[in-house]
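S.K.:
There are 2 protein chains.
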Amino acid sequence: MGETSESPIVLVHRPPTLAYMDDHLSRNFRLLNAHLSPDPLPLFLSRHAASVTAFVNIGRLKIDAELLSHLPSLQLLVCTSVGTDHVDLAECKRRGIAVTNAGEAFSDDVADCAVGLLISVLRRIPAGDRYVRSGNWSKPGQFQLGIKVSGRRVGIIGLGSIGSRVAKRLEPFGCIISYNSRTQKQSIPYRYYSDVLSLAADNDVLVLCCSLTDQTMHVVNREVMESLGKEGVIINVGRGGLIDEEEMVKCLVEGVIGGAGLDVFEKEPQVPEELFVMDNVVLSPHAAVATPGALESVAEVAIANLKAFFKNQPLVSPVRLG
Amino acid sequence: MGETSESPIVLVHRPPTLAYMDDHLSRNFRLLNAHLSPDPLPLFLSRHAASVTAFVNIGRLKIDAELLSHLPSLQLLVCTSVGTDHVDLAECKRRGIAVTNAGEAFSDDVADCAVGLLISVLRRIPAGDRYVRSGNWSKPGQFQLGIKVSGRRVGIIGLGSIGSRVAKRLEPFGCIISYNSRTQKQSIPYRYYSDVLSLAADNDVLVLCCSLTDQTMHVVNREVMESLGKEGVIINVGRGGLIDEEEMVKCLVEGVIGGAGLDVFEKEPQVPEELFVMDNVVLSPHAAVATPGALESVAEVAIANLKAFFKNQPLVSPVRLG
Numbered sequence: 006m007g008e009t010s011e012s013p014i015v016l017v018h019r020p021p022t023l024a025y026m027d028d029h030l031s032r033n034f035r036l037l038n039a040h041l042s043p044d045p046l047p048l049f050l051s052r053h054a055a056s057v058t059a060f061v062n063i064g065r066l067k068i069d070a071e072l073l074s075h076l077p078s079l080q081l082l083v084c085t086s087v088g089t090d091h092v093d094l095a096e097c098k099r100r101g102i103a104v105t106n107a108g109e110a111f112s113d114d115v116a117d118c119a120v121g122l123l124i125s126v127l128r129r130i131p132a133g134d135r136y137v138r139s140g141n142w143s144k145p146g147q148f149q150l151g152i153k154v155s156g157r158r159v160g161i162i163g164l165g166s167i168g169s170r171v172a173k174r175l176e177p178f179g180c181i182i183s184y185n186s187r188t189q190k191q192s193i194p195y196r197y198y199s200d201v202l203s204l205a206a207d208n209d210v211l212v213l214c215c216s217l218t219d220q221t222m223h224v225v226n227r228e229v230m231e232s233l234g235k236e237g238v239i240i241n242v243g244r245g246g247l248i249d250e251e252e253m254v255k256c257l258v259e260g261v262i263g264g265a266g267l268d269v270f271e272k273e274p275q276v277p278e279e280l281f282v283m284d285n286v287v288l289s290p291h292a293a294v295a296t297p298g299a300l301e302s303v304a305e306v307a308i309a310n311l312k313a314f315f316k317n318q319p320l321v322s323p324v325r326l327g
Numbered sequence: 006m007g008e009t010s011e012s013p014i015v016l017v018h019r020p021p022t023l024a025y026m027d028d029h030l031s032r033n034f035r036l037l038n039a040h041l042s043p044d045p046l047p048l049f050l051s052r053h054a055a056s057v058t059a060f061v062n063i064g065r066l067k068i069d070a071e072l073l074s075h076l077p078s079l080q081l082l083v084c085t086s087v088g089t090d091h092v093d094l095a096e097c098k099r100r101g102i103a104v105t106n107a108g109e110a111f112s113d114d115v116a117d118c119a120v121g122l123l124i125s126v127l128r129r130i131p132a133g134d135r136y137v138r139s140g141n142w143s144k145p146g147q148f149q150l151g152i153k154v155s156g157r158r159v160g161i162i163g164l165g166s167i168g169s170r171v172a173k174r175l176e177p178f179g180c181i182i183s184y185n186s187r188t189q190k191q192s193i194p195y196r197y198y199s200d201v202l203s204l205a206a207d208n209d210v211l212v213l214c215c216s217l218t219d220q221t222m223h224v225v226n227r228e229v230m231e232s233l234g235k236e237g238v239i240i241n242v243g244r245g246g247l248i249d250e251e252e253m254v255k256c257l258v259e260g261v262i263g264g265a266g267l268d269v270f271e272k273e274p275q276v277p278e279e280l281f282v283m284d285n286v287v288l289s290p291h292a293a294v295a296t297p298g299a300l301e302s303v304a305e306v307a308i309a310n311l312k313a314f315f316k317n318q319p320l321v322s323p324v325r326l327g
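Protein chains in written order, with this note's numbering: chain A, 6 to 327; chain B, 6 to 327.
1) Go ahead and label N106(B) buried or exposed: buried means 16 or more other beta carbons lie within 10 angstroms of its beta carbon, across all protein chains shown.
2) Quick test of your reading: G160(A) and R128(A), contact by CB under 8 Å. State the CB separation rounded to the nearest angstrom.
3) Would you list the one or two residues that DSSP bridges to P323(B)?
4) Check the C-beta distance from A293(B) over to V242(B) and give it rounded, since I have them as a contact under 8 Å.
5) Does any CB atom of chain D fall closer than 7 Å to the CB of D134(A)?
6) Use the C-beta contact count for R157(A): other C-beta atoms within 10 angstroms, 16 or more gives buried, fewer gives exposed.
7) Mind checking which residues open and close the beta strand (DSSP E) that includes Y198(A)?
8) On the three-pair Cβ rule with 8 Å, is the stretch 116 to 124 of chain A touching the stretch 79 to 95 of chain A?
9) Using beta carbons (cut-off 7 Å, strictly below), is T22(B) in contact with chain A?
10) Give a yes or no on whether 7 Å exceeds the smallest Cβ distance from T218(A) to chain B.
11) Enumerate in chain order the residues of its own chain whose CB-to-CB distance from H53(B) is below 7 Å, with the five nearest sequence positions on each side excluded.
12) Starting from A292(A), find everything on chain B with Cβ-Cβ shorter than 7 Å and list it in chain order.
13) By Cβ distance, which residues of its chain are closer than 8 Å to L76(A), with the 5 residues on each side in sequence left out?
14) Quick check: what's the CA-CA separation for V261(B) versus E271(B)?
15) What does C84(B) reach in chain A if we use C-beta pairs closer than 8 Å?
16) Could you tell me which residues DSSP pairs with G2(A) in its beta bridges?
17) Helix, strand or coil, according to DSSP, for F111(B) in the structure here?
18) So for H291(B), helix, strand or coil by DSSP?
19) Within this structure, are the beta carbons of T22(A) and Q147(B) separated by less than 7 Å?
20) So with CB distances below 7 Å, who are the chain A contacts of T296(B)?
21) Please check the pair P177(A) and R174(B), which I expect to be a contact at CB under 8 Å, by giving their CB distance rounded to whole angstroms.
22) I'd like to know whether the C-beta of D113(A) is nearer than 7 Å to at least one C-beta of chain B.
23) Could you name the residues that DSSP lists as bridge partners for H18(B)?
24) If you count every other CB in all the chains shown that lies within 10 Å of the CB of E259(A), and 16 or more means buried, which is it?
25) Assign K144(B) to buried or exposed, taking buried as 16 or more other Cβ atoms, counted over all protein chains shown, within 10 Å of its Cβ.
26) Using beta carbons (cut-off 7 Å, strictly below), is G237(B) in contact with chain A?
27) Only counting the same chain, and skipping five residues up and downstream in sequence, which positions put a Cβ closer than 6 Å to that of A119(B)?
28) Measuring straight from C-alpha to C-alpha, what distance separates N285(B) and V254(B)?
29) I68(B) and V92(B) - do their beta-carbons sit closer together than 7 Å?
30) Cβ closer than 9 Å: which chain B residues qualify as neighbours of S159(A)?
31) Can the beta-carbon of G264(A) be found closer than 7 Å to that of K235(A)?
32) Going by beta-carbon coordinates alone, are K97(B) and G163(B) separated by less than 7 Å?
33) So, is N317(A) buried or exposed, given that buried needs 16 or more other C-beta atoms within 10 angstroms?
34) If we ignore side chains and look at the alpha-carbon of each, how far apart do D27(A) and V137(B) end up?
35) Is L280(B) closer than 7 Å to S232(B) when the C-beta atoms are compared?
36) For V238(A), collect the residues of the same chain with a Cβ closer than 6 Å to its Cβ; drop the 5 residues on either side in sequence, then sort them by chain order.
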């Protein structure tokens, strides 16, 4: 089925580089492409989108009350990320706007990347790669030893679709898994910690897989890092704001913690330059979701949500609005 | 128990940097440290080691018939590596010299590293780390997409203690595992290929975990790489000689294969410089075994073999001598 004059209208906004959903969308809907207009976004919305009911937000454009005020008919906001910290969910709830996210489309890829970052930091894979490329490898046994992965105690913050996949992947490494989340999960064999401080104290590695909310903002603060300790490693595939980044940099400089593997940062794409010279950190450009397969999956989830909406059927991946 | 005048004498040779076993050895044996003598090794052995029955070879000193000819009383050669391609095993067999290796002491660490290299190549983790450190990350979505790990078809060459651990670790990633080895393993759920060419044709990734012998030398040649194909990736945690390195470099330059994660090289520590500029390869300085835990384990295995030998008990990790 191609797009026809009968197809519903969907408002789209995306960064120039994220074109992966264009074909999927245009095959199914008539599109109002806000990102193609030279007009400022509020002006464009006021002029052209007053009657729009569905909005696909590809990327992380800030969706606040002010922007939503230009979309008086909006009933559905389709986000293409897992996290929706760029959206004013309270305002959506007040307005009765349903919000959907990427669901589990990215979960495998983000979990794969989290495990990759964990091994990379502990076994110093990028540092070894730099060492060989520098031409300095001239004698056996000179490269600094890594840390054993097998048997490591790993504490996961947020045991949702990503965190549980990280746990499952680390089990055959002989890692000892425990977790923190809002509530204890039923029929999960891993030890539960109701507070992050105790989780940090009892583990060698913390993996951040939770969403960023008012409650989880800076959930890893200096106190947690001191509790994790000087051999401790933090892996973050959630959002930059989960860690007090300024304090983390200090903790890395002072040796309060042992290392970090970071796919996300507080002020992306800005990254604290102090990290650039550290061999015990691995930096990744918010690429945990970046595989062709994942983009295909998220496009499918977005389309499925839109189709369900226009058919008055239950949404595929609704976000809980507080 | 400390070393006494009653303790057996053990000949030791090691590179300057590999001192991790000194304490273990000196607590249990009287040591004849060949590496501390200014004399050429054959001269030192002829003068001082004619009556020595046990020799610990730490590192990868070439042990050939000529060197062994200076050790007429030798009955046991203790190696600290898993692979024993630096030893003339046929000569050891002819002379009735038993050889032991590291057994399974390194297996977890090498398997951890193999999986780390696999994720690092597919998800471009060191390339992303370089990208962020270069300061070039200024816009979202610009970094080249990686390849999905989950669901990838992985062919393992050599399903011994390392290869089987790699398989076990990759299972919860949803990878589809198959393998090649000298003989089909009983009660193993993975598909068996009797030839490497078919294994390469049917897989996305090849992981080399076998020992280097006359039969496995250049087991990955140009034909195998052509069969693996342009999206195919090779991970090598075995020995450099398993791959025809010169042809591999050409295949990477020409795009015949898609990438490689290499912990070992044919002429270590020399690495072909063409690889230094490639973003689709990850280079590691023969560090797959390099964790403090692994070194501790291998020291224990070596001591256990020596003790068993001097008590006329079965060796802990004997190498099959052809």
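Note that beta-carbon positions come from the ideal geometry of N, C-alpha and C, so glycine has one too.
M.R.: Short version:
1) On the second sequence, residue 106(B) is found 101 positions in, with the first residue counted as 1. N106(B) comes out buried.
2) Numbered from 1 along the first sequence, position 155 holds the residue referred to as residue 160(A). Numbered from 1 along the first sequence, position 123 holds the residue referred to as residue 128(A). In fact, because the Cβ distance is near 19 Å, the residues do not count as touching under 8 Å.
3) Taking the second sequence and counting its residues from 1, the one referred to as residue 323(B) is at position 318. According to DSSP, P323(B) bridges with T105(B).
4) Translated into positions along the second sequence, residue 293(B) becomes position 288. Translated into positions along the second sequence, residue 242(B) becomes position 237. So it is a contact: roughly 5 Å between Cβ atoms.
5) Absent from the structure is chain D; the protein chains it does hold are A and B.
6) Translated into positions along the first sequence, residue 157(A) becomes position 152. With 16 or more other Cβ atoms within 10 Å, it is buried.
7) Here residue 198(A) corresponds to residue number 193 of the first sequence, with the count starting at 1. First-last of the beta strand (DSSP E) with Y198(A): R196 to Y198.
8) no
9) Residue numbering aside, residue 22(B) sits at position 17 when the second sequence is read from its first letter. Yes - at least one Cβ of chain A is within 7 Å of the one on T22(B).
10) Position 213 of the first sequence, counted from the start, is the residue given in the question as residue 218(A). No, no contact with chain B.
11) In the second sequence, the residue the question calls residue 53(B) occupies position 48. L37, listed in sequence order.
12) Working through the first sequence from its first residue, we reach residue 292(A) at position 287. Here the neighbours are G133, F148 and G151.
13) For the purposes of this step, residue 76(A) is taken as residue 71 along the first sequence, with counting starting at 1. Closer than 8 Å at the Cβ level, and outside the excluded window around L76(A), lie L16, L50, A54, A55, V57 and F60.
14) As a first step, residue 261(B) must be located in the second sequence, where it is residue number 256. As a first step, residue 271(B) must be located in the second sequence, where it is residue number 266. Going from the Cα of V261(B) to the Cα of E271(B) covers about 20 Å.
15) Numbered from 1 along the second sequence, position 79 holds the residue referred to as residue 84(B). In chain order: nothing, as chain A lies at least about 14 Å away.
16) Look at the range of chain A in this structure, 6 to 327, and you will see that residue 2(A) is not part of it.
17) Translated into the one-based positions of the second sequence, residue 111(B) becomes position 106. Residue state, collapsed to three classes: coil.
18) Sequence index remark: in the second sequence, residue 291(B) carries index 286 (1-based). Coil.
19) Looking up residue 22(A) in the first sequence gives position 17. Looking up residue 147(B) in the second sequence gives position 142. Their beta carbons are under 7 Å apart, which means T22(A) touches Q147(B) by this criterion.
20) Counting from one through the second sequence, the residue named residue 296(B) turns up at place 291. The contacting residues are L150, G151, I152 and K153.
21) Along the first sequence, one-based indexing puts residue 177(A) at 172. Along the second sequence, one-based indexing puts residue 174(B) at 169. The pair is a contact, with the Cβ atoms about 5 Å apart (cut-off 8 Å).
22) For the purposes of this step, residue 113(A) is identified with residue 108 of the first sequence, where counting begins at 1. Yes, because at least one Cβ of chain B sits closer than 7 Å to the Cβ of D113(A).
23) Within the second sequence, numbered from 1, the residue matching residue 18(B) stands at position 13. DSSP output for H18(B) lists N62(B) as bridge partner(s).
24) Taking the first residue of the first sequence as position 1, residue 259(A) is located at position 254. Looking at its Cβ environment, which holds fewer than 16 other Cβ atoms inside 10 Å, E259(A) is exposed.
25) Here residue 144(B) is taken as the residue at index 139 of the second sequence, counted from 1. Exposed: under 16 other Cβ atoms inside 10 Å.
26) Counting from one through the second sequence, the residue named residue 237(B) turns up at place 232. No, because no Cβ of chain A sits closer than 7 Å to the Cβ of G237(B).
27) Taking the second sequence and counting its residues from 1, the one referred to as residue 119(B) is at position 114. Within the same chain, A119(B) has close Cβ partners V171, V212, I240 and V242.
28) Translated into the one-based positions of the second sequence, residue 285(B) becomes position 280. Translated into the one-based positions of the second sequence, residue 254(B) becomes position 249. Each residue's alpha carbon lies about 12 Å from the other.
29) Taking the second sequence and counting its residues from 1, the one referred to as residue 92(B) is at position 87. Taking the second sequence and counting its residues from 1, the one referred to as residue 68(B) is at position 63. Yes, Cβ-Cβ distance for V92(B) and I68(B) is below 7 Å.
30) The count along the first sequence starts at 1 and reaches residue 159(A) at position 154. Residue identity check: residue 159(A) is Val in the sequence provided, not Ser. None at all; the shortest Cβ gap to chain B is about 13 Å.
31) Position 259 of the first sequence, counting from 1, holds the residue named residue 264(A). Position 230 of the first sequence, counting from 1, holds the residue named residue 235(A). Cβ atoms of G264(A) and K235(A): not closer than 7 Å.
32) Within the second sequence, the letter at position 92 stands for residue 97(B). Within the second sequence, the letter at position 158 stands for residue 163(B). One point to set straight first is that residue 97(B) is Cys, not Lys, in the sequence displayed. Against a cut-off of 7 Å, the Cβ pair of G163(B) and C97(B) comes out as no contact.
33) Here residue 317(A) corresponds to residue number 312 of the first sequence, with the count starting at 1. Looking at its Cβ environment, which holds fewer than 16 other Cβ atoms inside 10 Å, N317(A) is exposed.
34) Mapped onto the first sequence, residue 27(A) falls at position 22. Mapped onto the second sequence, residue 137(B) falls at position 132. So the two alpha carbons sit approximately 28 Å from each other.
35) Taking the second sequence and counting its residues from 1, one reaches residue 232(B) at position 227. Taking the second sequence and counting its residues from 1, one reaches residue 280(B) at position 275. Not a contact, by the Cβ cut-off of 7 Å.
36) Position 233 of the first sequence, counting from 1, holds the residue named residue 238(A). Cβ neighbours of V238(A) beyond the five flanking positions: V126, V210, G263 and G264.
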